[in-house]
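S.K.: Got a structure here, written out as structure tokens. Questions coming.
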Amino acid sequence: MSYPSLFAPLDLGFTTLKNRVLMGSMHTGLEEYPDGAERLAAFYAERARHGVALIVSGGIAPDLTGVGMEGGAIAQ
5 MSYPSLFAPL DLGFTTLKNR VLMGSMHTGL EEYPDGAERL AAFYAERARH
55 GVALIVSGGI APDLTGVGME GGAIAQ
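Numbering-wise (the numbering used here), the sequence shown opens with residue 5 and increments by one.
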């Protein structure tokens, strides 16, 4: 199967993506570590370095009221 537009730029109106490669949302569990923010930054940076144009990150609550499940990540 051929995808001739996959690596073509995509104009979104307010910005242009260098290609149409998207990484979907996922929870890595990295946010649970004391240095989780740094680990997540490295995780996403690695994908961007290798060509992913748009990354949809997983959720993280700003405080306890936003936690959707037991053990959910909280920004500190």
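Built from N, CA and C at the ideal position, the CB exists for glycine as well. Computed from a predicted model, the values in this text were never measured in an experiment.
1) Could you tell me the distance, in whole angstroms, from the CA atom of residue 40 to the CA atom of residue 26?
2) To which residues does DSSP link residue 20 through a beta bridge?
3) Would you give the residue range spanned by the alpha helix (DSSP H) that residue 35 belongs to?
4) Can the beta-carbon of residue 10 be found closer than 8 Å to that of residue 23?
5) Between the Cα of residue 63 and those of 6, 20, 29, 50, spot the shortest distance and give me the residue it belongs to.
M.R.: Answer, in terms of the structure:
1) 23 Å
2) 15
3) Run containing residue 35: none; DSSP gives neither H nor E here.
4) Yes; because the gap between Cβ atoms is below 8 Å, this pair is in contact.
5) 29
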